[in-house]
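Asks: Right, I'll just put the structure down here and ask away after.
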Amino acid sequence: MKDRIKRESLTEQIKSILIERIVDGTLSPGDRLKELQLADEFGTSQAPVREAIRSLQALGYVEHKLHVGSLVKTFSKKEIEEAFQIRQALEGHCLMTRGRETQALVLGLKARLDRMSRALPAGDVRVFTEADNGFHRAIIEHSQNNRMLEIWESLKIQLQVIATIAEAAMPLDELHALHLPIVAALEQGEPELAVKHLANHYEEIGGYWKELQ
Numbered sequence: 267m268k269d270r271i272k273r274e275s276l277t278e279q280i281k282s283i284l285i286e287r288i289v290d291g292t293l294s295p296g297d298r299l300k301e302l303q304l305a306d307e308f309g310t311s312q313a314p315v316r317e318a319i320r321s322l323q324a325l326g327y328v329e330h331k332l333h334v335g336s337l338v339k340t341f342s343k344k345e346i347e348e349a350f351q352i353r354q355a356l357e358g359h360c361l362m363t364r365g366r367e368t369q370a371l372v373l374g375l376k377a378r379l380d381r382m383s384r385a386l387p388a389g390d391v392r393v394f395t396e397a398d399n400g401f402h403r404a405i406i407e408h409s410q411n412n413r414m415l416e417i418w419e420s421l422k423i424q425l426q427v428i429a430t431i432a433e434a435a436m437p438l439d440e441l442h443a444l445h446l447p448i449v450a451a452l453e454q455g456e457p458e459l460a461v462k463h464l465a466n467h468y469e470e471i472g473g474y475w476k477e478l479q
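For the sequence shown, position 174 (counting from the first letter as 1) is numbered 440 according to our numbering, and the numbering increases by one without interruption.
Structural data, given as structure tokens:
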């Protein structure tokens, strides 16, 4: 089934769809982005597809290799570890600066936890990953700092690499359990404790990822 494309801003729409596919794992690092094939799928000329790919390259999502073409970027171990550290720092900062204004945040986090729980019986990794990503994004959104959100969003692809590897090895119920103490601490009005549990969450997932390298 083809993705529906509106007439306005074709380039932006195609770019958004490709980013979504990269983040959810439909497109993997090293996959080639073929202009003609994508243009046919979206029912457009190659021009907006080409512009979308160039934009993704400028954002660091795509790399161009001579005689090969445009590929979903393969990140180095160092790049992934740095992204991991930045994301943890951003989320921890947001919890500390607005951690006592918890009611709306806790409700949002619980909604994502519920979705993660519902994905467990079927082992639905995609739904689980989307809810997991939404959990952490909600923390940044709560800060009401758009620049922080932009930086956090720019790290999604690197973090998807970790998530794909870690979730292949770490039971989903264990991943789900790592989020529970964060919410409990926020409910108790203890943002400092929530930050400690957040750090433990990232340490545990990072440990799984490093063991597989």
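The beta carbon of each residue, even a glycine, is placed where N, CA and C say it ideally should be.
1) Answer yes or no: do Leu379 and Val449 have a C-beta to C-beta separation smaller than 8 Å?
2) Using C-beta distances below 7 Å, list every residue in its chain close to Leu386, excluding the 5 sequence neighbours before and after it, in chain order.
3) Could you say which of Ile417, Glu470 and Ile405 lies nearest to Ala460 if we only look at CA atoms?
4) Does DSSP put Lys339 in a helix, in a strand, or in coil?
5) Take the Cβ of Gln351 as the centre, count every other Cβ of all protein chains shown within 10 Å, and call the residue buried at 16 or more, exposed below.
6) Quick check: the region 342-356 against the region 306-321, are at least 3 beta-carbon pairs closer than 8 Å?
7) Going straight from the alpha carbon of Arg273 to that of Trp418, what length do you get?
8) Counting C-beta neighbours from all protein chains within 10 Å, is the total for Val338 16 or more, i.e. buried, or is it exposed?
9) Report yes or no: is there a C-beta of chain C within less than 8 Å of the C-beta of Gly326?
Replies: According to the structure shown:
1) Residue numbering aside, residue 379 sits at position 113 when the sequence shown is read from its first letter. Residue numbering aside, residue 449 sits at position 183 when the sequence shown is read from its first letter. Yes; because the gap between Cβ atoms is below 8 Å, this pair is in contact.
2) Within the sequence shown, numbered from 1, the residue matching residue 386 stands at position 120. So the qualifying residues of the chain are Leu438, Asp439 and His442.
3) Here residue 460 is taken as the residue at index 194 of the sequence shown, counted from 1. Of Ile417, Glu470 and Ile405, the residue nearest in Cα terms is Ile405.
4) Within the sequence shown, numbered from 1, the residue matching residue 339 stands at position 73. Coil at Lys339, not helix or strand.
5) The count along the sequence shown starts at 1 and reaches residue 351 at position 85. It is exposed - the Cβ of Gln351 has fewer than 16 other Cβ atoms within 10 Å.
6) no
7) Taking the first residue of the sequence shown as position 1, residue 273 is located at position 7. Taking the first residue of the sequence shown as position 1, residue 418 is located at position 152. Low local confidence applies: a pLDDT of 47 at Arg273 is under 50, so the model's placement there is unreliable, and no value is given.
8) Along the sequence shown, read from residue 1 onward, the residue named residue 338 stands at position 72. With 16 or more other Cβ atoms within 10 Å, it is buried.
9) Any reference to chain C falls outside this structure, which holds one protein chain only.
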